[in-house]
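Numbering (the numbering used here), first residue to last: -3 to 176.
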């Protein structure tokens, strides 16, 4: 069954087509959920919620643009919906430079460790960091998606970068001490 036929069958609530669509995209969409979730278990719940939303809204897909991109957008929005009603986006009034840079120098760290410390960031920092750095959204887009103002988005990104930088520096220092 081709993708277009699969989509059309999902629109008429064909459970076999829905199952095939799930098998086809669950891996990619799970990685999206994992990136924005607090834990593996929460990512699994978010994936299920995303697919429920996808199946409920599949009639809205008009074959314009990439279907996979449409699925990812719904998945991101489904995950972010969990955070919108929580107070994870308190405004921070600290003086933080807008352009805090995260430098990766000649002392490499593993990608697994980097992903782990991103996952450990507080929700408000992790979500903004992922949306801005990993997915390329603008602060304006992030503000709209998370129902926050642009300044809060910028502040949370700067805080995320500062936190990651401190964690990486600590990690590298402890590794150097172990080698002595």
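Note that the Cβ used here is the ideal one computed from N, Cα and C, for glycine as well.
Under the three-state reduction of DSSP output, residue 117 falls in the coil class, being neither helix nor strand.
Residue burial annotation: residue 33 is buried, with at least 16 other C-beta atoms found within 10 angstroms of its C-beta. DSSP, reduced to helix, strand and coil, places residue 144 outside both helices and strands of the structure shown, so it counts as coil.
Closest in alpha carbon position to residue 44, among 25, 149 and 127, is 25. Membership of residue 129 in any alpha helix (DSSP H) is not indicated, and neither H nor E is assigned to it by DSSP. The C-beta separation of residue 128 from residue 153 comes to about 5 Å, placing the pair in contact by the 8 Å criterion. The C-beta of residue 141 has 16 or more other C-beta atoms within 10 Å across all chains shown, which makes the residue buried. Taking C-alpha positions only, residue 137 is separated from residue 70 by approximately 15 Å.
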